[in-house]
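Number 320 marks the last residue of the sequence shown (our numbering); no jumps. Shown next, in structure tokens, is the structure this report addresses.
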Amino acid sequence: MKPRLIVTRRLPESVEARIQSEFDAVLPAIDGPMPQDELLKLAQNADALLVTPTERIDKALIDALPASVKIIATFSVGYDHIDLSAARNKGIAVSHTPGVLTDATAEIALLLILGASRRAYEGEKMMRENAWTGWTPTQLLGRQLSGKTLGILGMGRIGQAVAARARPFGLTIHYSNRKRLTAELEQGAVYHQDPEAMLPQIDILSLNAPASPETHHFLNEKRIGLMKQGAIVVNTGRGALVDDEALIAALKSGRIAAAGLDVYENEPRVHPGYKDLPNCFLLPHLGSATLETRHAMGMMALDNIQAVLSGGTAPNGL
Ligand code: DGY
């Protein structure tokens with residue numbers, strides 16, 4: 003008998019094909035975040051759950067899961083939506099999909115850096131609204147990347163991949179991370195154990211840290227005050243790293259020249275203050291959204307599930 007797998011969201015075709023062939027699967031008829039009560043109902047007699055960051059897998063839900071559920075595999079590298087200790091206490095394995103989305107997410111970080119620095123939103127808008135009257139020497143002057151300093155908060159796989167892509171643009175790299183990297187991985191980047199020591203020295207801040215109690219609202223009014231006048235901020239980590247009120251006020255006053263955002267606190271709700279600001283380049287959480295990456299994430303999640311269901315441990319267990 004095939005193991006029973008509950009899948010909360012529609013997934014790329016190749017991933018769903020593997021699911022159908024290896025599992026007795028329940029796939030949603032209509033795509034959308036799965037409410038907890040529905041997930042719980044479907045989970046009765048299930049062996050595994052394949053979830054995404056759009057579902058909150060909290061203690062109450064985990065405690066109510068039947069003993070048949072052996073693994074919760076998330077189709078994401080981030081796992082701030084899952085209560086790991088509740089799962090551990092209940093003996094349910096949890097896995098995620100690290101590594102396979104590094105390049106795609108770093109590409110989006112670079113897109114945000116370029117889009118925010120070179121006023122891509124304003125240029126696009128001008129073209130689409132037929133408002134362009136021709137080239138002028140002073141039109142939409144942005145900030146050049148070459149010769150500037152990029153500060154990366156969170157120098158894991160994705161932070162390092164952002165650094166590797168930023169260097170050829172002529173950016174000098176500073177970073178702050180709980181642990182200093184080896185010289186080989188650092189590639190000459192300047193380490194700051196204290197992120198507050200990094201902020202005054204950089205022109206662009208890239209947030210690449212996970213959401214956690216320590217990083218919650220990292221970028222607040224006080225820390226914005228430590229940054230250079232006219233600095234740029236991009237976020238491909240998690241929305242909760244930013245105090246939206248503080249960033250919006252700084253974008254309005256020009257203290258922060260521009261922001262590029264791919265992630266938001268309380269997604270899919272976006273603080274309305276961002277939407278009227280021309281100096282914001284906004285994307286809808288596209289970090290890992292490539293055909294190649296989403297296929298790889300699906301395969302990795304399924305490998306994790308199969309490993310646990312065959313009595314082993316998840317290769318990407320948490
Ligand atoms: C992740 O994997 O955590 C991303 O944010 C969603 O792709």
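For glycine and all other residues, C-beta sits at the position ideal for the given N, C-alpha and C.
ALA168 and LYS43 have their C-alpha atoms some 47 Å from each other. At least 8 Å separates the beta-carbon of LEU263 from that of MET229.
The alpha helix (DSSP H) runs of length 4 or more contained entirely in the region 166 to 249 are, from start to end of the chain, 185 to 188, 197 to 200 and 223 to 228. Taking the Cα positions, ASN91 is about 32 Å away from HIS287. Judged by the Cβ position, PRO55 qualifies as a neighbour of ligand 1 at the 7 Å threshold, a heavy atom of the ligand being closer than this. Around the Cβ of ASP49, a 10 Å sphere holds 16 or more other Cβ atoms; the residue is buried. VAL79 has its Cβ nearer than 7 Å to a heavy atom of ligand 1.
In this chain, the alpha helix (DSSP H) harbouring ARG130 covers 122 to 130. Look at SER312: its beta carbon is at least 7 Å from all of the heavy atoms in ligand 1. By the Cβ-count criterion, LEU293 is exposed, with fewer than 16 other Cβ atoms from all chains shown falling within 10 Å of its own Cβ.
Between the region 211 to 228 and the region 76 to 84 there are three or more C-beta pairs closer than 8 Å, enough to call the two in contact. Using a Cβ distance threshold of 8 Å, LEU29 and MET299 do not count as a contacting pair. Setting aside the 5 residues that flank it on each side, ARG159 is surrounded in the same chain by PRO100, GLY101 and THR104, each with a C-beta closer than 8 Å to its C-beta; the list follows chain order.
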